[in-house]
Structures are given as C-alpha cells and as structure tokens.
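K.L.:
Here you go, one structure.
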Amino acid sequence: MPELNTSRLTLRPLTLVDAEEIFNYRSDAIVNQYQGWIPENIEEVIDFIKNKVSPTIDIADTWFQFVIISNKDGKVIGDLGVHFIDKEKSQAELGCTINKEYHGKGFATEAMAEIISYLFKDLNKHRIHASVDPRNIASVKLMETLGFRKEAHFKESLYLNNEWVDDVIYGLLQSEWNRNQ
Numbered sequence: 254m255p256e257l258n259t260s261r262l263t264l265r266p267l268t269l270v271d272a273e274e275i276f277n278y279r280s281d282a283i284v285n286q287y288q289g290w291i292p293e294n295i296e297e298v299i300d301f302i303k304n305k306v307s308p309t310i311d312i313a314d315t316w317f318q319f320v321i322i323s324n325k326d327g328k329v330i331g332d333l334g335v336h337f338i339d340k341e342k343s344q345a346e347l348g349c350t351i352n353k354e355y356h357g358k359g360f361a362t363e364a365m366a367e368i369i370s371y372l373f374k375d376l377n378k379h380r381i382h383a384s385v386d387p388r389n390i391a392s393v394k395l396m397e398t399l400g401f402r403k404e405a406h407f408k409e410s411l412y413l414n415n416e417w418v419d420d421v422i423y424g425l426l427q428s429e430w431n432r433n434q
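Add 253 to a position in the sequence shown, counting from 1, and you land on the number used in this note's numbering.
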C-alpha cells in the first residue's frame, strides 16, 4: 500500500484505527452539507472501512481511501477517496474531505496535488475527474486551482441529503497535468 508524503502531510491507507477521527469531522452535517456520506454514528464509519473501501489500490470498480495526516501534530485532518473506474485502469475519480479546523490552509490542494501526481506518474492514469456540487464554492475553486476544467453541469441529477442537487464534473488529462508541472 502506498504512503505518500509532502512537506506538511502524510497520506496513507485508511484503517479501522482512524474510525473515531473520521467520525469526528465527517459527522458534521453543516460543514459536510455537499457530501454524499455523513455518518450518524461510529458504527457507520466502521462499516464503511470494513465493507466499502478496497484493501487494494487500483482495482476496477472500487474506492480506495487515504487519510490525510498533518506532519506537524500527527492528527488525521481529512480523507481522500480514489474511485478506480474502468477495467482498462485508465481513469479515476477523486473526492476529498477536510476537517473544518484545517479549512483554508491549502491542505486539500496539497493532498490532491500529491494524489494526482501519483495517479498520473505511478499508476499511469489517462484521466481524472471529480464530481462537485456547484454550490460548494471552495471545491470549485480547488478544482480550478489544480488545473481541472469544467466538463459538464447536470441539473438536479443527484439525490443527496433529501434533496435533488446539481452535479458539475471537472476533468483533467495526464497530458494537461504534465504540461503544467
């Protein structure tokens, strides 16, 4: 399993040891209002780790989950999921959640950039995309900062948290990433 490092962060595979910290920030329904998963209890997080996260990276039709750890204090400050979409192993989808105490400090940008580099350079992905609620201005800005381009805007196409919401797809090709590095 990969462990990725930046100057401020360590990204490593999610384990059961992380369940409580994940629950602490993921259960905040207000902060995570644009997320598709807001656990109501610790058991939901444990079930998620045991049954919904692949133990192996780069397997088609699975999600692999990293925790984002601050090198300064060793705390889990977020998580980053990678959905390996196709059998040809050429495309992936990203999703990221950061604890509200660490918002606005560039951690999401740093973690996502490290994962993007890993996916393109080490796993040779052709394309990465992300699904964003357009009301989530911080995530839209994150995608644009990382060089993603808006590819589609689907009106009321997802039913999340008891409402129909829009879904904007941002995409990035390996060739685009390489040009800007």
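Virtual Cβ for every residue (Gly too), placed ideally from N, Cα, C.
Computed from a predicted structure; not experimentally measured.
To which residues of the same chain is residue 409 closer than 7 Å at the C-beta, ignoring the five residues directly before and after it?
P.N.:
Position 156 of the sequence shown, counting from 1, holds the residue named residue 409. Hits under 7 Å: 417, 418 and 419.
K.L.:
As an exercise, report each continuous beta strand (DSSP E) stretch of at least 3 residues that is fully enclosed by the region 308-379, in chain order.
P.N.:
As far as the region 308-379 is concerned, its whole beta strand (DSSP E) runs of at least 3 residues are 315-323, 329-337 and 344-351.
K.L.:
Thinking C-alpha only, which one of 265, 425, 391 and 341 is nearest residue 331?
P.N.:
The residue given as residue 331 occupies position 78 in the sequence shown. If we check each option's Cα against that of residue 331, 265 comes out closest.
K.L.:
Might you give, ordered along the chain, the residues of its own chain that have their beta carbon closer than 6 Å to the beta carbon of residue 392, omitting 5 neighbours on each side?
P.N.:
What you label residue 392 is simply residue 139 of the sequence shown in a count that begins at 1. So the qualifying residues of the chain are 385.
K.L.:
Can you give the Cα-Cα distance for residue 323 and residue 314, rounded to whole angstroms?
P.N.:
Here residue 323 is taken as the residue at index 70 of the sequence shown, counted from 1. Here residue 314 is taken as the residue at index 61 of the sequence shown, counted from 1. Distance between the alpha carbons of residue 323 and residue 314: 29 Å.
K.L.:
Alpha carbon to alpha carbon, what distance is there between residue 311 and residue 379?
P.N.:
For this step, residue 379 is matched to residue 126 along the sequence shown. For this step, residue 311 is matched to residue 58 along the sequence shown. Residue 379 and residue 311: Cα-Cα distance of roughly 13 Å.
K.L.:
With burial defined as no fewer than 16 other Cβ atoms inside 10 Å of the residue's Cβ, what is the status of residue 361: buried or exposed?
P.N.:
Sequence index remark: in the sequence shown, residue 361 carries index 108 (1-based). Counting Cβ neighbours within 10 Å, residue 361 comes out buried, since at least 16 surround it.
K.L.:
Quick check: the Cα distance between residue 370 and residue 376, rounded to an integer number of angstroms?
P.N.:
Numbered from its first residue, the sequence shown carries residue 370 at position 117. Numbered from its first residue, the sequence shown carries residue 376 at position 123. Residue 370 and residue 376: Cα-Cα distance of roughly 9 Å.
K.L.:
I need the boundaries of the alpha helix (DSSP H) containing residue 272, first residue and last residue.
P.N.:
For the purposes of this step, residue 272 is taken as residue 19 along the sequence shown, with counting starting at 1. 272-279 is the extent of the alpha helix (DSSP H) around residue 272.
K.L.:
Mapping the DSSP letters down to three states, classify residue 405 as helix, strand or coil.
P.N.:
Numbered from its first residue, the sequence shown carries residue 405 at position 152. Strand, per DSSP.
K.L.:
Beta-carbon within less than 7 Å of residue 429's beta-carbon, same chain only, minus the 5 sequence neighbours each way: which residues are those?
P.N.:
Within the sequence shown, the letter at position 176 stands for residue 429. Counting only Cβ-Cβ distances below 7 Å, and skipping sequence neighbours, we find 400.
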